[in-house]
Amino acid sequence: MSRIDPTARVEDGAVIGESVEIGPFCTVGPHVVLGPNCRLISHVSVTGHTTIGAGCTIYPFAALGGAPQDMGYGNEPTRLEIGEGCTIRESVTMNVGSPKDVGVTRIGARGFFMSYSHVGHDCQVGDDVVFANSATLGGHCKIGDFVYIGGLSAVHQFARIGRQAMIGGLTGIRGDVIPYGFVNGQHGHLEGLNVVGMRRRKFTRERLARVRTFYQELFYGPGLFADRLQRVQSRASDDPAIAEILTFIGADKHRPLCLPEGGANKSA
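See the structure below:
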């Protein structure tokens, strides 16, 4: 049986799964689907065409499924989809998609979204991510699995962050971040690889050494970046992580690549 506090407002048409808890002063709109074992602690607003997967816990004053912050939005029935097992802390905001893109904002499973973090319209966010306090995504961003975004960091619209990358606190991301990359600084620049995260994902010392050698050749070798990128293409077979990075760089993109500071990389 679900438990709904008498002060909560659940609109007709909302679908409430088994063993859902809806606490005091929550509002649930008519097009919302709450999966089994979800818990809305109190003062949570879930509106729009929003689907929340099983086992999510949502803390006070989170606002999920609001209209995109896009002046061209005309109240179209776009959607927000949140995967199972997510923890969404106080005052987090996540918007539905817009007709200008796929029309769906997607959040993967087991994400941890700390207070005041924001996911803009049409973002595609992977599994097992961590957004620290006030981490912010502009619209249309693509975030890979196991990404960590530090507190008070902001990601420019249409930017991509590859799988298992780490973004330091107080960092502005204006370009695409390669998988496994570590980015830091007011105007974010690539400082190396997310070695801690790679070790947590069971990378051996040998694998780390191979990827580090590739990274040095690509970003610090002689010549223009385009020439270095061409030279390292043959390294794709050395390790799946190297192949993933090269595929990411070669994919369609709206933003420039985030590069290290200084040196030959300015010619990229």
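In our numbering, the protein residues as written are 1 to 268.
Heads up, the beta-carbon is just placed ideally off N, CA and C, and yes, glycines get one too.
Keep in mind the model is a prediction, meaning the values are calculated, not measured.
Quiz item: Between Ile270 and Val125, what straight-line distance do the alpha-carbon atoms span, to the nearest angstrom?
Solution: Outside the modelled stretch of the chain, which goes from 1 to 268, sits residue 270, for which no answer is possible.
Quiz item: Which residue comes first and which comes last in the beta strand (DSSP E) that contains Glu191?
Solution: 189-193
Self-check item: Cβ pair Asp128, Asp145 closer than 8 Å
Solution: yes
Quiz prompt | Whether Gly17 touches Cys38 by CB criterion (8 Å) | solution = yes
Practice problem: Count the other C-beta atoms from every protein chain shown that fall within 10 angstroms of the C-beta of Tyr148, then say buried if there are 16 or more, exposed otherwise. | Solution: buried
Practice problem: Say whether the region 82-101 touches the region 58-71, bearing in mind that this needs 3 or more beta-carbon pairs closer than 8 Å, one atom from each stretch. | Solution: Output reads yes: the region 58-71 touches the region 82-101.
Quiz prompt | Thr7 to Gly29 span [Cα, whole Å] | solution = 15 Å
Quiz prompt | Other residues of its chain near Ala243: CB distance less than 8 Å, five sequence neighbours each side excluded | solution = Ala236, Ser237.
Self-check item: Inter-residue Cα distance where the pair is Gly168 and Lys100
Solution: 30 Å
Exercise. With a cut-off of 8 Å on the beta carbons, I'd call Ala132 and Gly120 a contact; round off their distance for me.
Key: Taking 8 Å as the upper bound for CB-CB distance, Ala132 and Gly120 are not in contact here, some 17 Å apart.
Quiz item: Just curious, the alpha helix (DSSP H) that Ala243 is in, first and last residue?
Solution: 240-250
Quiz item: Under a three-way DSSP split, which group does Phe25 fall into?
Solution: coil
Exercise. Could you please give me the residues that DSSP links to Lys142 through a beta bridge?
Key: Gln124, Arg160
Self-check item: CA nearest to the CA of Ile178, picked from His189, Leu170, Val44, Gly172
Solution: His189
Quiz prompt | Reference Thr171, options Asn75, Gly162, Gln164, Val183, closest by Cα | solution = Val183
Self-check item: Ser267 burial status per 10 Å Cβ neighbour count (16 or more: buried)
Solution: Low confidence applies here, because Ser267 scores a pLDDT of 42, under 50, leaving its location unreliable; read the following figure in that light. Ser267 comes out exposed.
Self-check item: Buried versus exposed call for Pro240 [16 or more other C-beta atoms within 10 Å across all chains shown]
Solution: exposed
Exercise. Taking only the alpha-carbon atoms, compute the straight-line gap between Thr57 and Cys86 and give it to the nearest angstrom.
Key: 6 Å
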